[in-house]
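So the sequences go chain by chain: A and B. Numbered by my numbering, the letters in the first sequence go through residues 66 to 502 in order. Numbered by my numbering, the letters in the second sequence go through residues 3 to 570 in order. Ideal Cβ placement from N, Cα and C applies to all residues, glycine included.
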Amino acid sequence: MTRTVTDVICPFCGTLCDDLEVVVSDDEKDLLEVYNACAIGAEKFLHSQAKDRITRPRMRQEDGSWKEISYDEAIEYTARMLTDAKKPLMYGWSSTNCEAQAVGSEIGEIVGAIMDNTATVCHGTSLIAVQDIGIPSCTLGEVKNRADRILFWGCNPAHAHPRHMSRYSIFPRGFFTGKGHTGRKVIVVDPRPTDTASLADVHLQVEQGRDYELLDALRVAFKGEKLPDFVAGIPKEKIYEAAETLKSGRFAIIFFGMGVTQSLGKNHNIDEAIAVTRDLNEYTKAAIMPMRGHYNVTGSGQVWGWLFGFPYAVDLSRGFARYNPGETTANDLLRRDEVDAVFVLGSDPGAHFPFSSVKKIYDRPSVAIDPHETPTTEVCKVHVPVAFVGVEVGGCAYRMDNVPIETRKVVEPPEGMMTDEEFLGRVLARVKEIKGV
Amino acid sequence: MAEYLIKNGFVFDPVLGIRGDQADIAIKDGKIVETNAITNPKVIDAAGKTVMAGGVDIHAHVAGPKVNVGRNFRPEDKLFGYKPRNGIERMQGGFSVPTTIRTGYNYARMGYTTVMEAAMPPLYARHTHEEMRDTPILDQGAYPVFGNNWFVLEYLKNHEIENTAAYIAWLLQATKGYAVKVVNPGGTEAWAWGLNCENVHDPVPYFDITPAQIVTGLIEANEYLGLPHSMHVHANNLGNPGNYTTTLDTFKLSEGIKPKSKFGRDQVMHHTHVQFHSYGGDSWANVDSRAREIMDYVNSHDNITIDMGQVTLDETTTMTADGPFEHHLTELNHLKWANADVELETGSGVVPYVYSPNIKVCAIQWAIGLELALLAKDSSRIFLTTDHPNAGPFIRYPRVMKWLMSEEAREQQFDAFKHKDKVIEATNLAGIGRELDLYEIAQMTRAGPAKSLGLAHMYGGLAPGLEADVAVYDFNPNEPYAPDDIEKAFSNAEHLFKTGVQVVRDHEIASNGNKRTLWVNAKVNENPQVMRDVKEKFLRYYTVTLNNYEVTGHYLPNPYVIEVDATQ
């Protein structure tokens, strides 16, 4: 016999779909099938069932091989590493629940760590722009129910957020959008002819690195002022036309991704994109939203927001919280040799950081907490496998529009495996003992 | 639990009617008891000091999504104000939007023990509860917003009170909410199209209902349920010159409606931050105070309570579910603007604001707030708030007390205004000599708000049987004092007990307390129509499923449920 669990939340991307159905065995030990999920999400669930999954912590030996250790030993190593370090980096936090993030934050407070999350190589620039100019935004349901102008800028949801377009942005029929996609105009701005661009009414193939100019040109076009014949490789007629399309809508939304946040201009691009949105509100209703990547990177920014007041790059090493991106961001610290131990949870910097940073992780005392074997676990001294959040343990996660959803536990983790929160709770207790607080 | 005896303090307690007489207060098992009911108490010598119940804040924005937007998008708000971890105190930061940890500690330092979060977007209820969970010491509850909710708009268009009530009961349960909050009724829904409702008869786009119908209907539904608190409204047209007529129109919607609640409140409408709603004139050039017109109405109508929304002349962060207002404000001051419209439910905006004593309008706003309190005939129906952080941060409450208690302090402030003469001309305050006493302050900050919330059986006084929330201030009302002594003493309680636990000892935080989250569980008759509508809306229009909407228990580790039975 099997059992179907409904309303399951997908712990993969910031779309945080919550309508999955998962078939589990009667004893709730095996996860058999996943419905409604995209290919990536389904794989995340099914991967937890891998027979060769690592279920016990392991420590790197001198000869480079792994030796299995107990959770107690892993806790002791982690607590000692963090308390011995002058300035440890505690990085990641985007693929775990808010409960674990809160416990990790208290550890960081006691040991004087630098807390940074994956926004540092992703939407951190967006967060800086928001600090400059604010952000008119909305929940994804507002897009579904009202939006008739959809603009994707430097993002490719067809591949990165596969169900975004059907659940929220292009296709759904909402309250005031009963015609679904036929009632919407879709514009894609991307230097590449992506699969998302193939769905658009208009594809503005911007020259690489010229996003700022094009955004600026839109603002000029809104006001009906003169443009040069070409801006960022786009003929001015197409820019005027796009501006008119946006202005004439009842509700316009801009979604943006790595193509603008991490290309030339960085936070200034986002400043300008938000200014475009502000300007549009003079004519109609408009909103803008970052396409957040990890399913709970948004949540880690929220937890640190209410505990420390900053969404990423939080330096607790002086005993109080500081924030200075460029100085207190993970890559800058690693490459300047400013941190002397590295703790990674819920992220894979080994795969996503520059090689020069990854080498620094390899050179230091380091722990990776991750259910998977990853490039990061390969360069760390200790690897602590944990239960999958959203599969084997529940907990809160924040969608890209900051809506918090409680993820579900659908199957039991392999016998004896700890969760992120349990492991961190034990490390916190040990750290308090060592520090005498 | 330890027993305490707080001896010989000057007690100010409207519940017992004690006006500064020396009395002893006994604490046992988390409650206030008769002094002969304790056997071996720890004795706190309060001779020469002021003793009051723990403060109760009826309206502050201290937890939830827009508060956190304020924190995260204003790194400058943390400059210079950070406090390192120390002993049991965790790191604290932020001035106008403090971290949750600082929020708990700073309220405790002022002698406050109960704080209500004034606006919870239902879809973001989990976030609000996560922040309240991480706010130490305080008992808290949160008001979900109803005034722009599609269910409410659709039911009240046809005046379906029973269905509205059933929906309210369902939503309070789903979000673990405390009361019915209404912000710019209809106007925030209009803002989803970039529009607004500017008076109580301005129809809501598409839904074809007026703000007046929404407010009246929600009052009736609130009384149908007999909830502890009344409908709690922030009316249309906030912050605009000439808006006092809209405020009076809103007040009048409560006329003829009597409270039907077993929780002992007398009002059917609480109107919040009335300072922002008491402006005359028709532009910022000729804006003036209409506090007198407003208070004439409030003084002669018993079924209304209000709070001040006092401007404190600080740099602060405004945040409200009144989305169109925040857009209006960013157009005015050109500072950064965050907006978050919430599907089917509400919206919100956040904009920093500098209330400068050099700007005439800010000074007029300052005067209007004080006028409201000083023109009140009954101090137990107007409560001290700053609509934290909108008109100023809550840590300024003691400064507001100083202004209310001392004409000299008000004169000093007038003298510091750049446009003193124009401000005096546009307001009534300079002609008001009244100075409130500590008994009236206790009415405004303890007994009054507790009663209005329907929590007089727990908070707001020192009568035996109430929760042992007791503050001791190093302030002798019988000795001569300078105005600043008031602010100093009430910013820095010497001792504070929260449900019998000493959380402040000798001016220092001594415990993280035993925080509780209050919510109201209203039982109604089964209502298949409402449940069908709920299912339908979740299936078709929400982006979360119905089964993922309800806030579950682990977000409220220490809940206090108030049961209401409306099944009759």
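- Between leucine 331 of chain B and tryptophan 368 of chain B, the gap from beta carbon to beta carbon reaches 8 Å or more.
- For a cut-off of 8 Å, the C-beta gap from methionine 118 of chain B to tyrosine 180 of chain B is around 7 Å, short enough to register as a contact.
- Within the same chain, and ignoring the five residues on either side of lysine 262 of chain B in sequence, the residues whose Cβ sits closer than 6 Å to its Cβ are Glu225 and Gly228.
- In the three-state reduction of the DSSP assignment, glycine 282 of chain B falls in the coil class.
- Out of A/Val475, A/Val409 and A/Cys82, the CA that lies nearest to the CA of glycine 459 of chain A is found in A/Val475.
- At a cut-off of 8 Å between beta carbons, tyrosine 360 of chain A makes no contact with chain B.
- Partner residues in the beta bridge of tryptophan 218 of chain A, as assigned by DSSP, are A/Val254 and A/Phe321.
- Nearest C-alpha to leucine 541 of chain B among A/Gly206, A/Glu302 and A/Glu347: A/Gly206.
- Collapsing the DSSP output to three states places serine 454 of chain B in a helix.
- In the three-state reduction of the DSSP assignment, tyrosine 142 of chain A falls in the helix class, which pools H, G and I.
- Of B/Tyr355, B/Glu347, B/Lys33 and B/Ala365, the smallest CA-CA separation from serine 291 of chain B is found for B/Ala365.
- For aspartate 344 of chain A, the secondary structure class from DSSP, reduced to helix, strand or coil, is helix.
- Ranked by how close their Cα comes to the Cα of arginine 448 of chain B, the residues B/Arg21, B/Val45, B/Ala49 and B/Met54 have B/Met54 in first place.
- The Cβ atoms of valine 325 of chain A and glycine 199 of chain A do not sit closer than 8 Å to each other.
- For methionine 134 of chain B, the enclosing alpha helix (DSSP H) has its first and last residue at 127-135.
- For cysteine 364 of chain B, the three-state secondary structure derived from DSSP is helix.
- By the neighbour-count definition (other C-beta atoms within 10 Å, threshold 16), methionine 66 of chain A is an exposed residue.
- Look at the region 127-152 of chain B: the residues with a C-beta under 7 Å from a C-beta of chain A are Arg128, His129, Glu132, Glu133 and Asp136.
- Burial check for tyrosine 145 of chain B: the Cβ neighbour count within 10 Å reaches 16 or more, so the residue is buried.
- Boundaries of the alpha helix (DSSP H) around valine 69 of chain B: 67-74.
- Buried is the label assigned to glycine 219 of chain B, since at least 16 other Cβ atoms lie within 10 Å of its Cβ.
- When Cβ-Cβ separations below 8 Å define contact, arginine 92 of chain B makes contact with chain A.
- Between aspartate 266 of chain A and lysine 250 of chain A the beta-carbon gap is near 5 Å, inside 8 Å, which marks them as a contact.
- A straight line joining the alpha-carbon of arginine 87 of chain B with that of serine 231 of chain A spans about 47 Å.
- Of all residues in the region 339-351 of chain B, the ones placed with a Cβ closer than 7 Å to any Cβ belonging to chain A are Trp339, Ala340, Asn341, Ala342, Asp343, Val344, Glu345 and Leu346, in chain order.
- Taking the Cβ atoms as the reference, asparagine 305 of chain B lies roughly 7 Å from lysine 260 of chain B, within the contact range of under 8 Å.
- Annotation for asparagine 523 of chain B: no alpha helix (DSSP H) segment contains it, though the beta strand (DSSP E) segment containing it runs 519-525.
- By the neighbour-count criterion, in which a residue is buried when 16 or more other Cβ atoms sit within 10 angstroms of its Cβ, phenylalanine 82 of chain B is exposed.
- At a cut-off of 8 Å between beta carbons, arginine 68 of chain A makes no contact with chain B.
- The beta carbon of leucine 250 of chain B sits no closer than 8 Å to any beta carbon of chain A.
- Interface annotation, aspartate 197 of chain A: in contact with chain B, CB-CB separation under 8 Å.
- In the DSSP assignment, lysine 9 of chain B falls within the unbroken beta strand (DSSP E) covering 6-15.
- Assigned with DSSP and collapsed to three states, asparagine 88 of chain B falls in strand.
- Glycine 177 of chain A is not a Cβ neighbour of methionine 155 of chain A, given a cutoff of 8 Å.
- Rounded to whole angstroms, the separation of the alpha carbons of aspartate 137 of chain A and proline 450 of chain A is 13 Å.
- Under the 10 Å beta carbon count, glutamate 347 of chain A is surrounded by fewer than 16 other beta carbons and is classified as exposed.
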